[in-house]
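Protein chains: 2
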Amino acid sequence: MRTVLPSSGAVHFSTRGEYGVRLMVELARHHGAGPVSLHEIAEHEDLPRPYLEQLVISLREAGLVQSTRGAHGGYELTREPETIRMGEVVRALEGPLAPMVCASEDPAHAGVCGRTGFCTVNLLWVRVRDALSTALDSITLADLTRPRAAAHPFHAGTSADPVPTPVAAATPTN
Amino acid sequence: MRTVLPSSGAVHFSTRGEYGVRLMVELARHHGAGPVSLHEIAEHEDLPRPYLEQLVISLREAGLVQSTRGAHGGYELTREPETIRMGEVVRALEGPLAPMVCASEDPAHAGVCGRTGFCTVNLLWVRVRDALSTALDSITLADLTRPRAAAHPFHAGTSADPVPTPVAAATPTN
DNA sequence: TCAATCCCGACGAAGTTCGTCGGATTTCGC
DNA sequence: GCGAAATCCGACGAACTTCGTCGGGATTGA
């Protein structure tokens, strides 16, 4: 039913990021089998199609997907899923990574602060941004299409947590 | 003048995080010299004092600061700045780290998704969360009080920033 | 021609963020 | 004791962002 979930926490990506990533995963699953229509994806993922239309524009403009117009048209990836880093996808959908204005990846935004030069706090946000960037770029779209158990990715070195977390063991609460 | 800056990007922390961190840094600078009033901090950092009053409640409830009421009162840190990890500070201010609802640190929120169990995308957000968590917890409040590396003009925006100093390599800079 | 689909711009409602306001309470200095 | 300085607390509201909806146009295959 796609209930609107409360934000409940920090560092929260918008639904653009969420839906867009799911869209890309869906495209990756059908990669090589011709274009997939947004109608199919919207139905399969239970997402509003008109909204997906908006998101996909960003993905197209970033060169991540290409479209085929007309009947039996749709979208498909322009590259192999193994070569698409999730950092690209997220940046295309949500803009440059910027936990704080003074730490934007985009220099045009970074200069606005006025505190630059004596602001020691900046270090924190830059570190956060880099950690985020590294994490996102170390995962490819292909990593997300593999069925859960088979996934055997390298550890990004950042976390001490091997994440064998039993997500499947969680009892669904509905 | 504290102009409200446009969001311009993803993963954006709220001003609670920004102001709260700056508040903590200011307290760290005066650590050991008795309580500092919000009035002083608000003036020095050019932040609205009534708003700081709200933020500091979270910090007090988290046990990071303690208050002295009455005239010449104010706030001070409960621990040495070297022992306060920024992860604690940010969590106190903004709640559990959760780039996505399905990847909240707080298990109470994580169960709401309904897609858990077959959702492969979850892996991405969990990794992002862990990277974030690690980055925040690897910086202490003391790291942010040290004066900026001398003669290092630091034009932000060069995204290929090597992040020089490992925190553990304690060069006792004073 | 008809239907499916992408494409595009505008719009609006819900929710969150970012504070403001007014007052109550505690404590220090006189 | 009195007043000033400060913390404490709850309520409120305006601006902004997000999350879509809507209507229509353009393009293509059958």
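Protein chains in written order, with the working numbering: chain A, 1244 to 1417; chain B, 1244 to 1417.
The beta carbon of each residue, even a glycine, is placed where N, CA and C say it ideally should be.
Consult DSSP for residue i and reduce its assignment to one of helix, strand or coil.
{"i": "residue 1307 of chain A", "result": "coil"}
{"i": "residue 1364 of chain A", "result": "coil"}
{"i": "residue 1271 of chain A", "result": "helix"}
{"i": "residue 1374 of chain B", "result": "helix"}
{"i": "residue 1346 of chain A", "result": "helix"}
Closer than 9 Å, CB to CB, is residue i near chain B or not?
{"i": "residue 1255 of chain A", "result": "yes"}
{"i": "residue 1305 of chain A", "result": "no"}
{"i": "residue 1375 of chain A", "result": "yes"}
{"i": "residue 1299 of chain A", "result": "no"}
{"i": "residue 1340 of chain A", "result": "yes"}
{"i": "residue 1325 of chain A", "result": "no"}
{"i": "residue 1261 of chain A", "result": "yes"}
{"i": "residue 1331 of chain A", "result": "no"}
{"i": "residue 1290 of chain A", "result": "no"}
{"i": "residue 1295 of chain A", "result": "no"}
{"i": "residue 1371 of chain A", "result": "yes"}
{"i": "residue 1279 of chain A", "result": "no"}
{"i": "residue 1336 of chain A", "result": "yes"}
{"i": "residue 1388 of chain A", "result": "yes"}
Have a look at residue i and residue j and give me their C-alpha separation to the nearest angstrom.
{"i": "residue 1306 of chain A", "j": "residue 1331 of chain A", "result": "10 Å"}
{"i": "residue 1328 of chain A", "j": "residue 1304 of chain B", "result": "40 Å"}
{"i": "residue 1277 of chain B", "j": "residue 1286 of chain B", "result": "18 Å"}
{"i": "residue 1253 of chain A", "j": "residue 1301 of chain A", "result": "25 Å"}
{"i": "residue 1293 of chain A", "j": "residue 1281 of chain A", "result": "9 Å"}
{"i": "residue 1258 of chain B", "j": "residue 1291 of chain A", "result": "31 Å"}
{"i": "residue 1260 of chain B", "j": "residue 1267 of chain B", "result": "10 Å"}
{"i": "residue 1312 of chain A", "j": "residue 1381 of chain B", "result": "50 Å"}
{"i": "residue 1385 of chain A", "j": "residue 1369 of chain B", "result": "17 Å"}
{"i": "residue 1271 of chain A", "j": "residue 1295 of chain A", "result": "16 Å"}
{"i": "residue 1348 of chain B", "j": "residue 1334 of chain B", "result": "10 Å"}
{"i": "residue 1345 of chain A", "j": "residue 1346 of chain B", "result": "26 Å"}
{"i": "residue 1389 of chain B", "j": "residue 1388 of chain A", "result": "45 Å"}
{"i": "residue 1314 of chain B", "j": "residue 1377 of chain A", "result": "48 Å"}
{"i": "residue 1383 of chain B", "j": "residue 1275 of chain B", "result": "17 Å"}
{"i": "residue 1362 of chain A", "j": "residue 1269 of chain B", "result": "11 Å"}
Beta-carbon separation of residue i and residue j under 9 Å?
{"i": "residue 1309 of chain A", "j": "residue 1321 of chain A", "result": "yes"}
{"i": "residue 1265 of chain A", "j": "residue 1364 of chain B", "result": "yes"}
{"i": "residue 1338 of chain A", "j": "residue 1298 of chain A", "result": "no"}
{"i": "residue 1336 of chain A", "j": "residue 1372 of chain A", "result": "no"}
{"i": "residue 1255 of chain A", "j": "residue 1342 of chain B", "result": "yes"}
{"i": "residue 1379 of chain B", "j": "residue 1367 of chain A", "result": "yes"}
{"i": "residue 1283 of chain B", "j": "residue 1317 of chain B", "result": "yes"}
{"i": "residue 1273 of chain A", "j": "residue 1319 of chain A", "result": "yes"}
What first and last residue would you give for the beta strand (DSSP E) that runs through residue i?
{"i": "residue 1434 of chain B", "result": "Residue 1434 of chain B falls outside the range modelled here, since chain B spans only 1244 to 1417, and no answer is possible."}
If you follow the alpha helix (DSSP H) that residue i is part of, which residue opens it and which one closes it?
{"i": "residue 1329 of chain A", "result": "1329-1337"}
{"i": "residue 1284 of chain A", "result": "1281-1288"}
{"i": "residue 1385 of chain B", "result": "1384-1388"}
Should residue i be flagged as near chain A, meaning a C-beta pair shorter than 9 Å?
{"i": "residue 1328 of chain B", "result": "no"}
{"i": "residue 1302 of chain B", "result": "no"}
{"i": "residue 1284 of chain B", "result": "no"}
{"i": "residue 1379 of chain B", "result": "yes"}
{"i": "residue 1264 of chain B", "result": "yes"}
{"i": "residue 1364 of chain B", "result": "yes"}
{"i": "residue 1308 of chain B", "result": "no"}
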